[in-house]
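S.K.:
Protein chains: 4
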Amino acid sequence: MPENSVSKPRTKPPEERRDELMAAAERLFLEKGVEQTTIEEITTGAGVAKGTFYLHFSSKADVLQALRARFVQAVLDGIVAAVGGCREEDWRGKLAAWSTACATGYLDAAGLHHFAFVAAPPATREGLSRNILIDHLSELIADGAGENAWSADDPGFTAVFLFNALHGVVNQPGIAETTSARAELLRAIEAHFLRVLGLRSGID
Amino acid sequence: MPENSVSKPRTKPPEERRDELMAAAERLFLEKGVEQTTIEEITTGAGVAKGTFYLHFSSKADVLQALRARFVQAVLDGIVAAVGGCREEDWRGKLAAWSTACATGYLDAAGLHHFAFVAAPPATREGLSRNILIDHLSELIADGAGENAWSADDPGFTAVFLFNALHGVVNQPGIAETTSARAELLRAIEAHFLRVLGLRSGID
Amino acid sequence: MPENSVSKPRTKPPEERRDELMAAAERLFLEKGVEQTTIEEITTGAGVAKGTFYLHFSSKADVLQALRARFVQAVLDGIVAAVGGCREEDWRGKLAAWSTACATGYLDAAGLHHFAFVAAPPATREGLSRNILIDHLSELIADGAGENAWSADDPGFTAVFLFNALHGVVNQPGIAETTSARAELLRAIEAHFLRVLGLRSGID
Amino acid sequence: MPENSVSKPRTKPPEERRDELMAAAERLFLEKGVEQTTIEEITTGAGVAKGTFYLHFSSKADVLQALRARFVQAVLDGIVAAVGGCREEDWRGKLAAWSTACATGYLDAAGLHHFAFVAAPPATREGLSRNILIDHLSELIADGAGENAWSADDPGFTAVFLFNALHGVVNQPGIAETTSARAELLRAIEAHFLRVLGLRSGID
DNA sequence: AATGAATGAGTATTCATTCAT
DNA sequence: AATGAATGAATACTCATTCAT
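Going line by line, the protein sequences match chains A, B, C and D. Each residue of the first sequence is one higher than the last, beginning at 8 in our numbering. Each residue of the second sequence is one higher than the last, beginning at 8 in our numbering. Each residue of the third sequence is one higher than the last, beginning at 8 in our numbering. Each residue of the fourth sequence is one higher than the last, beginning at 8 in our numbering.
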């Protein structure tokens with residue numbers, strides 16, 4: 008009974024199904040956040056039944072990590088290519104290439120990086136780019152620039168840049184567990200802050 | 008029969024109860040994450056009944072935001088005091104004071120800042136301080152330092168610093184919506200990267 | 008220390024407090040339904056503290072039943088007065104007066120009857136088949152039958168029949184919003200009452 | 008080893024599950040009231056897990072309305088069949104058939120009508136003044152009036168009047184418990200219906 | 001009489017995961 | 001490989017009622 012022998016087969020190569028599920032998950036995670044997305048929405052989005060999800064992933068965290076790995080690898084590939092295009096001895100060029108390629112990879116992912124590394128608490132989506140600490144720092148930078156203590160084209164940008172940098176280094180697990188490690192950390196932060204503003208660090 | 012003349016009154020001033028609830032919530036959020044903490048655990052931790060929670064907060068998000076506000080304000084107070092201790096014209100000192108006071112505030116809070124701005128997905132706790140992109144950048148910085156292209160006391164630190172800085176500026180909502188804004192963003196990131204390594208940016 | 012000797016006394020005569028609570032409850036029950044109204048809303052509406060409610064009523068069902076009793080009594084009073092105004096032998100007039108007075112009482116209560124009889128399941132399961140209004144009507148029908156004013160095999164049945172009919176037509180949302188619609192409604196009810204007792208309506 | 012070739016499949020056709028859930032809900036609503044019945048009790052009663060309820064209904068109000076719709080439709084079907092059995096010009100017979108069929112439908116439902124119309128506040132506020140049974144009765148009255156079988160100034164009003172009257176008398180606890188009481192009740196309802204339309208009841 | 005902080009039992013609803021087909 | 005009905009643990013939130021002051 009070859010009634011529908013050419014009907015589209017319900018079964019697809021695993022690779023393809025997996026990709027479709029990841030695509031659906033990525034879109035939903037971006038749209039409404041990881042926490043707010045249900046497995047059922049992912050399978051509906053991918054056009055398969057609920058149970059099919061578990062044929063390819065073991066949990067929501069599993070897709071998330073697959074997405075993460077894919078994203079990071081893609082950015083890294085871009086960086087490697089860009090940096091590789093520089094002359095061997097052009098270190099400044101390499102550094103510039105690194106920053107640009109990394110930022111480009113992020114921007115192209117349009118928000119994917121947000122949940123790639125961090126969870127997205129809607130209420131705090133702006134927490135690291137807009138808060139009273141950043142405002143305060145921004146003002147300080149602008150004031151100093153006004154007094155020619157340093158130059159700063161865009162104090163707001165530099166403030167976000169520095170605040171996140173600080174937040175990141177301070178947030179490393181296990182950092183500053185001893186008094187001396189802490190002192191060293193603070194010294195390093197300070198030196199980097201000064202450098203960003205074009206000042207030599209005190210020790211040099 | 009003054010058996011219990013100082014017997015603990017079941018009812019306390021609202022202020023005090025609220026603080027106890029916040030303290031219990033903070034401890035639990037730190038210990039097991041915001042998501043993993045139950046309202047009931049908070050009230051049990053504060054030694055009150057479940058319903059009492061709702062006499063002071065409307066939801067878990069509500070306590071979280073109260074905690075956040077308190078933390079940020081405390082850090083800001085420390086910064087203001089530190090910066091205020093500098094001579095009016097000592098801009099370098101002010102900047103150094105800012106970085107140190109802010110970092111100190113964070114470190115003293117012992118992890119509180121983590122959920123203050125970001126949600127804490129256990130699996131990704133290290134996402135922003137340890138990943139292949141940071142490793143790659145760290146290596147690049149170390150290599151360049153080895154070739155005297157720049158100096159870097161601690162390439163790993165600088166890599167985390169720069170990676171988070173980049174992540175932060177790139178993650179600003181609405182940034183880089185136009186082509187020119189994007190170009191400008193990339194240029195600014197590059198310039199800041201170069202400065203951190205002690206290089207003049209190309210334009211200067 | 009007569010600091011505020013003329014300040015309004017917190018305590019009022021029980022009667023008055025009770026009335027205020029009933030008034031608040033009635034308003035809220037009408038506005039948002041019995042089920043949807045909380046004790047706290049009632050006390051807030053009456054301008055007293057939560058605990059005060061329990062000084063006057065034992066539960067929400069208790070106020071409801073007090074409201075019910077008051078409403079039914081008021082309607083009955085109106086009926087008795089109206090019927091009493093008829094000549095002793097004017098049975099048709101008495102029946103017409105009964106229907107009009109009862110309907111008027113209902114309409115004036117503007118929806119109160121809805122929850123007075125309907126919206127309280129267990130306690131009122133018998134509300135529409137056994138109450139003092141039905142008893143009164145039943146008696147009137149029996150008396151009239153005894154005087155051969157009309158025939159009624161089962162006055163109790165007919166009373167329940169008529170009472171429910173009246174309740175139903177009067178309870179139609181939006182009915183009797185204008186004066187003329189109201190007059191027309193009363194006329195129609197009266198005519199139907201007379202017909203049920205086998206009397207020609209006045210107009211015919 | 009055909010030990011259980013007819014083993015009960017855990018999964019059943021949706022239709023069947025839905026019916027089982029409705030049956031359990033109906034029984035419980037009747038036994039202890041809508042308000043007092045828990046979703047969990049319904050699922051336990053239907054022999055399924057709690058979550059299964061939400062596969063078929065969105066809330067308790069949802070089952071209630073499904074029950075209501077089913078009940079009303081069943082009564083209407085009975086009425087249509089009964090009325091359809093009358094000769095075209097036998098208006099008195101049609102009206103009598105209507106009252107008897109409707110009352111019978113109600114009595115057979117043994118209390119279901121109570122919560123079908125009464126015990127469900129918001130959505131059913133109009134239940135007793137606007138439903139398909141009333142519409143059907145209204146049409147019958149209008150048609151009969153058009154044929155001069157009786158006079159009716161406002162068929163819609165009379166329909167609401169009669170429907171509520173019938174609903175009330177039928178809803179009396181303990182009524183029609185014996186076959187003869189039931190016959191007597193039906194006879195009385197019919198007689199009152201005829202009287203309202205100005206017809207002499209058959210017996211007289 | 002009045003207060004209002006505290007209580008905690010009671011329940012609806014969600015959703016990841018399983019498994020028989 | 002795929003399905004989707006069924007599961008049931010997990011939890012936030014409400015609100016009537018109490019009681020120490």
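Note that the Cβ used here is the ideal one computed from N, Cα and C, for glycine as well.
#1: Less than 7 angstroms between C-beta atoms, sequence neighbours within five positions excluded: which residues of the same chain meet that for S158 of chain A?
#2: Sorry if obvious, but does the Cβ on F60 of chain D come closer than 6 angstroms to a heavy atom of the ligand ADP?
#3: Using a Cβ cut-off of 7 angstroms (strictly closer), state whether G175 of chain C contacts chain D.
#4: For chain D, is any of its Cβ atoms less than 7 angstroms away from the one on V167 of chain C?
#5: Kindly indicate the opening and closing residues of the alpha helix (DSSP H) around P21 of chain D.
#6: By how many angstroms is the C-alpha of L74 of chain A removed from the C-alpha of E42 of chain B?
#7: Can you tell me whether R99 of chain B is buried or exposed? The criterion is at least 16 other CB atoms within 10 Å of its CB, across all chains shown.
#8: Between A81 of chain C and chain D, is the shortest Cβ-Cβ distance under 7 angstroms, so that the two count as touching?
#9: Which one of A:A116, A:R202, A:Y61, A:G52 has the shortest CA to CA distance from H174 of chain B?
#10: Say whether chain A places a C-beta atom closer than 7 angstroms to the C-beta of H63 of chain B.
#11: Hey, out of D:I196, D:A183, D:D69, whose CA is closest to F170 of chain D's CA?
#12: By Cβ distance below 6 angstroms, which residues in the same chain neighbour A53 of chain A in space, the five residues on each side in sequence not counted?
#13: Got a sec? Which residues, its chain only, sit under 6 angstroms from K19 of chain C by beta carbon, not counting five neighbours each side?
#14: Compile a chain-ordered list of the residues in the stretch 92 to 115 of chain D whose CB is closer than 7 angstroms to at least one CB of chain C.
#15: For a contact defined as C-beta to C-beta under 8 angstroms, what are the partners of V203 of chain C on chain D?
#16: Run through DSSP, which three-state label would E96 of chain B get?
#17: Given a cut-off of 7 angstroms on the beta-carbon distance, is the pair A104 of chain D and V82 of chain D in contact?
#18: Got a sec, what are the start and stop residues for the alpha helix (DSSP H) P162 of chain B sits in?
#19: Helix or strand or just coil, what does DSSP make of A190 of chain D?
#20: For F168 of chain D, tell me which candidate among D:I141, D:R94, D:E38 has the shortest Cα-Cα distance.
#21: Grouping DSSP H, G and I as helix and E and B as strand, with all else coil, what is V203 of chain A?
#22: Return the CA-CA distance between S187 of chain B and R194 of chain B, expressed in angstroms with no decimal places.
#23: For A149 of chain A, tell me which candidate among B:L102, B:P180, B:N178 has the shortest Cα-Cα distance.
#24: So for T185 of chain A, helix, strand or coil by DSSP?
#25: For R17 of chain B, which of helix, strand or coil comes out of DSSP?
#26: Give me the Cβ distance between S177 of chain D and Y113 of chain D, rounded to the nearest whole Å; I'm assuming they're in contact under 8 angstroms.
#27: Taking 7 angstroms as the CB-CB cut-off, is A89 of chain A touching chain B?
#28: Could you say which of A:C109, A:E146, A:T111 lies nearest to A161 of chain A if we only look at CA atoms?
#29: Taking the continuous alpha helix (DSSP H) assigned at Q80 of chain A, which residues delimit it?
#30: Is L62 of chain B buried or exposed, if buried means 16 or more other CB atoms sit within 10 Å of its CB?
#31: If the cut is a Cβ gap below 8 angstroms, which residues of chain A does G58 of chain B touch?
#32: Find the residues of chain A that neighbour F78 of chain B, judging by a C-beta separation of less than 7 angstroms, and give them in chain order.
#33: State yes or no: is the beta carbon of P21 of chain B nearer than 7 angstroms to at least one beta carbon in chain A?
#34: Would A183 of chain A pass as an interface residue toward chain B - the criterion being a Cβ-Cβ separation below 7 angstroms?
#35: Cβ of T50 of chain B within 7 angstroms of Cβ of K57 of chain B?
M.R.: Put simply:
#1: The sequence position of residue 158 of chain A within the first sequence is 151, counting from 1. If you ignore the 5 residues before and after S158 of chain A, its C-beta comes within less than 7 angstroms of the C-beta of A152, G205, all in its own chain and listed in chain order.
#2: No copy of the ligand ADP occurs in the structure displayed, which carries no ligand at all.
#3: Taking the third sequence and counting its residues from 1, one reaches residue 175 of chain C at position 168. So yes, G175 of chain C belongs to the interface.
#4: Taking the first residue of the third sequence as 1, we reach residue 167 of chain C at position 160. At least one CB atom of chain D sits nearer than 7 angstroms to the CB of V167 of chain C.
#5: On the fourth sequence, position 14 is the one that residue 21 of chain D refers to. From DSSP, the alpha helix (DSSP H) with P21 of chain D extends over 21 to 39.
#6: To locate residue 42 of chain B, count along the second sequence from 1; it is residue 35. To locate residue 74 of chain A, count along the first sequence from 1; it is residue 67. Cα to Cα, the separation comes out at about 21 angstroms.
#7: Indexing the second sequence from 1 puts residue 99 of chain B at position 92. The residue in question, R99 of chain B, is buried, as its Cβ has 16 or more Cβ neighbours within 10 Å.
#8: Here residue 81 of chain C corresponds to residue number 74 of the third sequence, with the count starting at 1. No, A81 of chain C does not count as interfacial toward chain D.
#9: As a first step, residue 174 of chain B is located in the second sequence; it is residue number 167 there, counting from the start. For the set A:A116, A:R202, A:Y61, A:G52, the Cα lying nearest the Cα of H174 of chain B is the one of A:A116.
#10: The residue labelled residue 63 of chain B in the question sits at position 56 within the second sequence. So no, H63 of chain B is outside the interface.
#11: In the fourth sequence, residue 170 of chain D corresponds to position 163, counting from 1. Here the closest residue by C-alpha is D:I196.
#12: Residue mapping note: residue 53 of chain A aligns to position 46 of the first sequence, counting from 1. Exclusion of the five residues before and after A53 of chain A leaves E27, L28, A31 as the residues of its chain whose Cβ lies within less than 6 angstroms of its Cβ.
#13: Here residue 19 of chain C is taken as the residue at index 12 of the third sequence, counted from 1. A distance below 6 angstroms between beta-carbons, with the five flanking residues on each side excluded, links K19 of chain C to no residue of its chain.
#14: Result list empty, no residue passes.
#15: Looking up residue 203 of chain C in the third sequence gives position 196. Those are H199, R202, V203, listed as they occur along chain D.
#16: On the second sequence, position 89 is the one that residue 96 of chain B refers to. If DSSP states are grouped into helix, strand and coil, E96 of chain B belongs with coil.
#17: Position 97 of the fourth sequence, counting from 1, holds the residue named residue 104 of chain D. Position 75 of the fourth sequence, counting from 1, holds the residue named residue 82 of chain D. No.
#18: As a position in the second sequence, residue 162 of chain B is number 155, starting the count at 1. It spans 162 to 177 - the alpha helix (DSSP H) in which P162 of chain B sits, taken as one unbroken run.
#19: Start at 1 with the first residue of the fourth sequence, and residue 190 of chain D comes out as number 183. Helix at A190 of chain D.
#20: The count along the fourth sequence starts at 1 and reaches residue 168 of chain D at position 161. Out of D:I141, D:R94, D:E38, D:I141 has the C-alpha closest to the C-alpha of F168 of chain D.
#21: For the purposes of this step, residue 203 of chain A is identified with residue 196 of the first sequence, where counting begins at 1. Reduced to three states, the DSSP call for V203 of chain A is helix.
#22: Counting from one through the second sequence, the residue named residue 187 of chain B turns up at place 180. Counting from one through the second sequence, the residue named residue 194 of chain B turns up at place 187. About 10 angstroms.
#23: On the first sequence, position 142 is the one that residue 149 of chain A refers to. Checking every option, the nearest Cα to that of A149 of chain A belongs to B:L102.
#24: Reading the first sequence from its first residue, position 178 is the one you call residue 185 of chain A. Annotated three-state conformation of T185 of chain A is coil, per DSSP.
#25: Against the second sequence, residue 17 of chain B aligns to sequence position 10. When DSSP states are grouped into helix, strand and coil, R17 of chain B belongs to the coil group.
#26: As a position in the fourth sequence, residue 177 of chain D is number 170, starting the count at 1. As a position in the fourth sequence, residue 113 of chain D is number 106, starting the count at 1. Note on residue identity: the sequence assigns Val, not Ser, to residue 177 of chain D. A Cβ-Cβ distance of about 5 angstroms is found for the pair V177 of chain D and Y113 of chain D, placing them in contact under the 8 angstroms criterion.
#27: Residue mapping note: residue 89 of chain A aligns to position 82 of the first sequence, counting from 1. So no, A89 of chain A is outside the interface.
#28: The residue labelled residue 161 of chain A in the question sits at position 154 within the first sequence. The sequence shown places Asp at residue 161 of chain A, rather than the Ala named in the question. Of the listed residues, the one whose Cα sits closest to D161 of chain A is A:E146.
#29: On the first sequence, residue 80 of chain A is found 73 positions in, with the first residue counted as 1. Here the alpha helix (DSSP H) through Q80 of chain A covers 67 to 91.
#30: Your numbering for residue 62 of chain B matches position 55 in the second sequence. Burial call: exposed.
#31: Sequence index remark: in the second sequence, residue 58 of chain B carries index 51 (1-based). Correct list: empty, because the minimum Cβ distance to chain A is about 25 angstroms.
#32: Locating residue 78 of chain B in the second sequence gives position 71, where the first residue counts as 1. In chain A, no part has a C-beta under 7 angstroms from the C-beta of F78 of chain B; the shortest such distance is about 10 angstroms.
#33: Taking the first residue of the second sequence as 1, we reach residue 21 of chain B at position 14. P21 of chain B does not count as touching chain A.
#34: Position 176 of the first sequence holds residue 183 of chain A. Taking CB atoms only, A183 of chain A has a neighbour in chain B less than 7 angstroms away.
#35: One-based indexing of the second sequence puts residue 50 of chain B at position 43. One-based indexing of the second sequence puts residue 57 of chain B at position 50. Yes, the Cβ-Cβ distance between T50 of chain B and K57 of chain B is below 7 angstroms.
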